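End of the sequence shown = 199 in our numbering, gap-free, step of one. Heads up, the beta-carbon is just placed ideally off N, CA and C, and yes, glycines get one too. Only a predicted model underlies this, so the values are computations on that prediction, with no experimental measurement involved.
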Amino acid sequence: MAANCTTFLFSCLIQWEILTSLTVETAANEIGADRVGMRLSPYANYTEASDSNPEALGLYMANAVNKFGILYFHVIEPRMIKINDKYETPHSLLPMRKSFKGTFIVAGGYNREDGNKAIADNYSYLIAFGRLLLANPDLPRRFQLNAPLNKYNSTFRIRSLATLIIHSLKILLNTKIALLVTGNKV
14 MAANCTTFLF
24 SCLIQWEILT
34 SLTVETAANE
44 IGADRVGMRL
54 SPYANYTEAS
64 DSNPEALGLY
74 MANAVNKFGI
84 LYFHVIEPRM
94 IKINDKYETP
104 HSLLPMRKSF
114 KGTFIVAGGY
124 NREDGNKAIA
134 DNYSYLIAFG
144 RLLLANPDLP
154 RRFQLNAPLN
164 KYNSTFRIRS
174 LATLIIHSLK
184 ILLNTKIALL
194 VTGNKV
C-alpha cells in the first residue's frame, strides 16, 4: 500500500485506517483485545516501497489502534548504523511510545547495553531481539552472565530457528519437571 500512497497521503491514511480497523477490531472482538498485538515497520524500505513520512505513519497508527485497547504495539526501528564505533538511528520512536496506551515493544539491532538503556530511559517497555536471539537461543542467560554472543549468520537462519525451538522446548519441559517435583501446579 505504501508504494501507492506517495501522492495521495490523505486517501491512503483513510485506507490504512479502514484496513487496520477491520483487522484489529475483528481480532479483538473474536479473541479479546488482551490477546491482540500489532507489529509495524514504518521505516521498511523493500523493493522501493516505502512511506514518505514514516514518523507520521507510526504516530498515526499508535493513536488509531489505541481505541481497540490491544495488548501491545511492536514497532521496528530502522536498522541502526555505526557512527564512531556506536550504533545509532537517526529516528525516534518516542512519540509513538508516548501516544500508545498499551505495552510498547521496539526492535531494530539492539544489544544488551542499548536494550537496558532504552528500558531505563522509558523509551520502550520491552525490547525484541530477533536476529540476536536466533544466533543465541540462550540469550537471556548470556545477558545475565555477560557472556560472549554468537554473531548472526543469515545462512543458518533455519538451523538457528530449529535450535531455538528445541532449546525452548527443553526449558519448558525442565520447568514443568521442576514444578512437578516441588508440588506446584503446571
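(message) Given this structure, state the Cα-to-Cα distance separating G115 from L107, to the nearest angstrom.
(response) On the sequence shown, residue 115 is found 102 positions in, with the first residue counted as 1. On the sequence shown, residue 107 is found 94 positions in, with the first residue counted as 1. Taking the straight line from one Cα to the other gives about 14 angstroms.
(request) Verify whether the separation of the beta carbon atoms of L72 and G50 is less than 7 angstroms. (result) Taking the sequence shown and counting its residues from 1, the one referred to as residue 72 is at position 59. Taking the sequence shown and counting its residues from 1, the one referred to as residue 50 is at position 37. Going by C-beta atoms, L72 is not nearer than 7 angstroms to G50.
(request) Quick one: using the 10 Å Cβ neighbour count with 16 as the cut-off for buried, is T20 buried or exposed? (result) The residue you call residue 20 lines up with position 7 of the sequence shown. Residue placement at T20 is flagged as unreliable, the pLDDT there being 48, under the threshold of 50; a coordinate-derived value is accordingly withheld.
(message) Is the beta carbon of A133 closer than 7 angstroms to that of I118?
(response) Mapped onto the sequence shown, residue 118 falls at position 105. Mapped onto the sequence shown, residue 133 falls at position 120. Cβ distance not < 7 angstroms, so I118 and A133 don't count as in contact.
(request) Out of S137, K130, Y165 and N124, point me to the one whose CA is closest to P153's CA. (result) Within the sequence shown, the letter at position 140 stands for residue 153. With distances taken between Cα atoms, P153 lies closest to N124.
(request) Could you say which of N159, A120 and E43 lies nearest to R144 if we only look at CA atoms? (result) By 1-based counting over the sequence shown, the position of residue 144 is 131. Nearest of N159, A120 and E43 to R144, Cα basis: A120.
(message) Output needed for P67: all residues of its chain with C-beta closer than 6 angstroms, excluding positions within five of it in sequence on either side, in chain order.
(response) Translated into the one-based positions of the sequence shown, residue 67 becomes position 54. P55 and Y56, listed in sequence order.
(request) Please report how far the alpha carbon of L146 lies from the alpha carbon of A75, in whole angstroms. (result) The residue given as residue 146 occupies position 133 in the sequence shown. The residue given as residue 75 occupies position 62 in the sequence shown. The alpha-carbon atoms of L146 and A75 are separated by roughly 26 angstroms.
(message) According to DSSP, simplified to helix, strand and coil, what is Y7?
(response) Residue 7 lies beyond the residue range present for the chain, which begins at 14 and ends at 199; the question has no answer from this structure.
(request) Could you tell me if the beta carbon of N124 falls within a distance shorter than 6 angstroms of some heavy atom in the ligand GDP? (result) This structure simply doesn't include the ligand GDP, nor any ligand for that matter.
(request) Specify the secondary structure class of F142 as computed by DSSP and reduced to three states. (result) For the purposes of this step, residue 142 is taken as residue 129 along the sequence shown, with counting starting at 1. Here F142 sits in coil by DSSP.
(message) What residue range does the alpha helix (DSSP H) around L72 cover?
(response) Against the sequence shown, residue 72 aligns to sequence position 59. Element bounds for L72: P67 to N79.
(request) Taking all protein chains shown into account, decide if I89 is buried (16 or more other Cβ within 10 angstroms of its Cβ) or exposed. (result) Mapped onto the sequence shown, residue 89 falls at position 76. Counting Cβ neighbours within 10 Å, I89 comes out buried, since at least 16 surround it.
(request) Under 8 angstroms by Cβ, that's how I've got F81 and A41 pegged, so tell me the actual separation to the nearest angstrom. (result) On the sequence shown, residue 81 is found 68 positions in, with the first residue counted as 1. On the sequence shown, residue 41 is found 28 positions in, with the first residue counted as 1. Yes, F81 and A41 are in contact; Cβ-Cβ is about 5 angstroms, under 8 angstroms.
(message) Which residue wins for smallest C-alpha separation from G122, given the options R155, P91, A69 and F156?
(response) In the sequence shown, counting from the first residue as 1, residue 122 sits at position 109. Closest by alpha carbon: P91.
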